[in-house]
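Asker: One structure, as structure tokens, below. Some questions next.
Protein chains: 2
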Amino acid sequence: MRQSTTSTSRARGIDRVISLCEQLHLHREPMTPKELMAATGAPRSSVYELINLLSEAGWLETGSDGRIFFGRAMHYFGLDYADHNDLLRRARPVMRQLSARFDETAQLCMLDGDKYTVMLNENGARPFRISSEVGVKVPIPWTASGRVLLGGMSREVILGLVPEADFVLPSGEQIDIDAFLAEIEHTRQRGYALTEGLVDSFACCMAVPIHEGDTIARATLCFTVGRNADQARRETLVEALREAAATLSHGD
Amino acid sequence: MRQSTTSTSRARGIDRVISLCEQLHLHREPMTPKELMAATGAPRSSVYELINLLSEAGWLETGSDGRIFFGRAMHYFGLDYADHNDLLRRARPVMRQLSARFDETAQLCMLDGDKYTVMLNENGARPFRISSEVGVKVPIPWTASGRVLLGGMSREVILGLVPEADFVLPSGEQIDIDAFLAEIEHTRQRGYALTEGLVDSFACCMAVPIHEGDTIARATLCFTVGRNADQARRETLVEALREAAATLSHGD
DNA sequence: ATCAATCGTCCGATATTTCGGACTGTTGTC
DNA sequence: GACAACAGTCCGAAATATCGGACGATTGAT
Numbered sequence: 000m001r002q003s004t005t006s007t008s009r010a011r012g013i014d015r016v017i018s019l020c021e022q023l024h025l026h027r028e029p030m031t032p033k034e035l036m037a038a039t040g041a042p043r044s045s046v047y048e049l050i051n052l053l054s055e056a057g058w059l060e061t062g063s064d065g066r067i068f069f070g071r072a073m074h075y076f077g078l079d080y081a082d083h084n085d086l087l088r089r090a091r092p093v094m095r096q097l098s099a100r101f102d103e104t105a106q107l108c109m110l111d112g113d114k115y116t117v118m119l120n121e122n123g124a125r126p127f128r129i130s131s132e133v134g135v136k137v138p139i140p141w142t143a144s145g146r147v148l149l150g151g152m153s154r155e156v157i158l159g160l161v162p163e164a165d166f167v168l169p170s171g172e173q174i175d176i177d178a179f180l181a182e183i184e185h186t187r188q189r190g191y192a193l194t195e196g197l198v199d200s201f202a203c204c205m206a207v208p209i210h211e212g213d214t215i216a217r218a219t220l221c222f223t224v225g226r227n228a229d230q231a232r233r234e235t236l237v238e239a240l241r242e243a244a245a246t247l248s249h250g251d
Numbered sequence: 000m001r002q003s004t005t006s007t008s009r010a011r012g013i014d015r016v017i018s019l020c021e022q023l024h025l026h027r028e029p030m031t032p033k034e035l036m037a038a039t040g041a042p043r044s045s046v047y048e049l050i051n052l053l054s055e056a057g058w059l060e061t062g063s064d065g066r067i068f069f070g071r072a073m074h075y076f077g078l079d080y081a082d083h084n085d086l087l088r089r090a091r092p093v094m095r096q097l098s099a100r101f102d103e104t105a106q107l108c109m110l111d112g113d114k115y116t117v118m119l120n121e122n123g124a125r126p127f128r129i130s131s132e133v134g135v136k137v138p139i140p141w142t143a144s145g146r147v148l149l150g151g152m153s154r155e156v157i158l159g160l161v162p163e164a165d166f167v168l169p170s171g172e173q174i175d176i177d178a179f180l181a182e183i184e185h186t187r188q189r190g191y192a193l194t195e196g197l198v199d200s201f202a203c204c205m206a207v208p209i210h211e212g213d214t215i216a217r218a219t220l221c222f223t224v225g226r227n228a229d230q231a232r233r234e235t236l237v238e239a240l241r242e243a244a245a246t247l248s249h250g251d
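Below, the structure written as structure tokens:
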């Protein structure tokens, strides 16, 4: 996505549309026109005009409480995307099956800019589970997927790719770069990544790479710390993950 | 969606964005810039500028063949819509289960303007099946859902709501209004709609209403003509549909 | 190698859109 | 009931984006 501090004044109207939609997405909740004004920095009359234009096209809808959110058209467009993205389409049943087999959450993540993004999330039926919303973006070093990505990269490339701020965990803890590099190397040799209690103290994720063209994607299994703890079980999980990833990797 | 013959000259830039996305959705396939120029009627440089702006924001993506299609951002927005739409969210598991139980296609349709639109489509596992893409729009009189909708409406209201052209079936056959009204009345008394070989000679659909606020929605089961033919089986299907619809209907 | 056709980018005059603010209708307070 | 605050619409001067066309890059044919 585009920086919110877009200084360019080119195509302001369209920038407004884009930033309005991004704000809606970020809030993940319907917003009032007032909130949209504040969030986008657009003047009142412009926001209203935008809302009207986009509502007419079905891009936005106004709820019974007067709040604005995405409309049907976005549903259609989003499904068009998911249908046409080869990897996503093929991955859905695979990830669903993976999730069902172990009754844990299976995810497909893709790199989007300098953040990992959850593109598919299939939950197990377990009453308490680790789960994310599709579209959630997470700094590379926080994720198991990211550790797989960085495997084999030089220190310089890694430091260039990852924004400094992303080495600080949500807990406030600073990731030690040297220890991190060592862990990445370990991950690379092992062939899969494992994180425990990193983003959240209860989350445990395993990730393996998917190779498909230039797309940088990872398949992960997520569960709560403590589950699937013994080594044999973990081997089984990793093996299943690898198999899934192999199915999805393009043979070219 | 908005008429393609929008004569208003207000906010042309945004109109262009809207029409570009609508064209992509209509074609259901990635398009070249050239095709987009032709489809939207926008000048060459404008199309390129649009593509660049929207690509930068992740709204569009360029495939390896140079064709343009929706990008990741649309996926996020679409899922936001589906997550926030109460009915859709609750309906997904219900329709999935309905589909699984009979191994037929279950759909949730909503009225969008004067057309019925498929909002959820869960396929049975059967190798040959009746199915639609989410987002497909169908004239009211062609659908079982539409017959449920019109139940109880006066002749005048119905003729005002349904565009004249929609009384002509894909086969070219003209629907006789009087027979149609009689059938609607029959449908209303029976409590569910049944269409056989209407839109397509092999499609058979059953629909029941879902009551939830002002949203006009229907649950349907679709299968090929000839299947589920005997009366007892149909009763079972209808009963299950009614149950699903009751689950989804809001108790207010 | 040359040429033609196509693809994509860039630029600036001009036709268009934006946005401050006035206006109307609605809601809530005293 | 009077008033204030708010929500949404509308307008036109001023600020801006649009699009014709020129340009360079790339491809393909001869």
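Chains A and B, in that order, give the protein sequences. Each step along the first sequence adds one to the number in numbering that gives the first Met the number 0, with nothing skipped, and position 144 is 143. Each step along the second sequence adds one to the number in numbering that gives the first Met the number 0, with nothing skipped, and position 78 is 77. Idealized CB from N, CA, C, for every residue including glycine.
1. Can you tell me whether DSSP reads residue 31 of chain A as helix, strand or coil?
2. Using only the alpha-carbon positions, how far apart do residue 198 of chain A and residue 176 of chain A sit?
3. In three-state DSSP terms, what is residue 152 of chain B?
4. Can you grab the Cα-Cα spacing for the pair residue 90 of chain B / residue 216 of chain B, in whole Å?
5. Between residue 235 of chain A and residue 129 of chain A, is the Cβ-Cβ spacing less than 7 Å?
6. Put residue 220 of chain B into one of helix, strand or coil per three-state DSSP.
7. Note down, in chain order, all residues in the region 31–58 of chain A with a beta-carbon under 9 Å from any beta-carbon belonging to chain B.
8. So, are the CB atoms of residue 206 of chain B and residue 219 of chain B less than 7 Å apart?
9. Is there contact here, the region 153–164 of chain B with the region 97–112 of chain A, by at least three beta-carbon pairs under 8 Å?
10. In chain order, which beta strand (DSSP E) runs of at least 3 residues are fully inside the region 109–177 of chain B?
11. Sort out for me which residues DSSP pairs residue 106 of chain B with in a bridge.
12. Per the contact definition of three or more C-beta pairs closer than 8 Å, is the region 12–31 of chain B in contact with the region 231–247 of chain A?
13. When the distance is taken between beta carbons, is residue 77 of chain B closer than 7 Å to residue 83 of chain A?
14. Sort out for me which residues DSSP pairs residue 68 of chain B with in a bridge.
15. So which of A:109, A:12, A:32 has the shortest CA-CA distance to residue 209 of chain A?
16. For residue 133 of chain B, which residues in the same chain have their Cβ closer than 8 Å to its Cβ, ignoring the five residues on either side in sequence?
17. Please name the residue, chosen from B:60, B:41, B:34, that lies closest to residue 11 of chain B on a Cα-to-Cα basis.
18. I think residue 13 of chain A touches residue 13 of chain B, with their Cβ atoms under 8 Å apart; what is that distance to the nearest whole Å?
19. If you run the structure through DSSP and keep just helix, strand and coil, what is residue 19 of chain A?
20. Are the CB atoms of residue 179 of chain A and residue 80 of chain B within a distance shorter than 7 Å?
21. Whole angstroms are fine: how far does the CA of residue 35 of chain B sit from the CA of residue 52 of chain B?
22. Which same chain residues end up closer than 7 Å to residue 137 of chain B when comparing Cβ atoms and leaving out the 5 residues on each side of it in sequence?
23. Within 10 Å of its beta-carbon, does residue 184 of chain A have 16 or more other beta-carbons around it, so buried, or fewer, so exposed?
24. Given this structure, state the Cα-to-Cα distance separating residue 181 of chain A from residue 112 of chain A, to the nearest angstrom.
25. Looking at the structure shown, is residue 228 of chain A part of a helix, part of a strand, or coil, going by DSSP?
26. Looking at the structure shown, is residue 42 of chain B part of a helix, part of a strand, or coil, going by DSSP?
27. Given this structure, state the Cα-to-Cα distance separating residue 244 of chain B from residue 145 of chain A, to the nearest angstrom.
28. Answer yes or no: does any C-beta atom of chain A fall closer than 7 Å to that of residue 79 of chain B?
29. Checking the sheet assignment: what are the DSSP bridge partners for residue 194 of chain B?
30. If you drop the 5 nearest sequence neighbours on each side, which residues of the same chain put their C-beta closer than 8 Å to that of residue 125 of chain B?
31. To the nearest whole angstrom, what separates the beta carbons of residue 248 of chain A and residue 195 of chain A, a pair I think is in contact under 8 Å?
32. Once DSSP output is grouped into helix, strand and coil, what is the label at residue 83 of chain B?
33. Can you give the Cα-Cα distance for residue 71 of chain A and residue 140 of chain A, rounded to whole angstroms?
Answerer: Reading from the atomic positions:
1. coil
2. 17 Å
3. coil
4. 11 Å
5. no
6. strand
7. 48, 49, 52, 53, 55, 56, 57, 58
8. yes
9. no
10. 114–121, 136–138
11. B:120, B:219
12. no
13. no
14. B:60
15. A:109
16. 117, 118, 119, 120
17. B:41
18. 7 Å
19. helix
20. no
21. 15 Å
22. 114, 115, 198
23. exposed
24. 24 Å
25. coil
26. coil
27. 43 Å
28. yes
29. B:204
30. 102, 103
31. That belief does not hold up - the Cβ atoms of residue 248 of chain A and residue 195 of chain A are roughly 26 Å apart, past 8 Å.
32. helix
33. 36 Å
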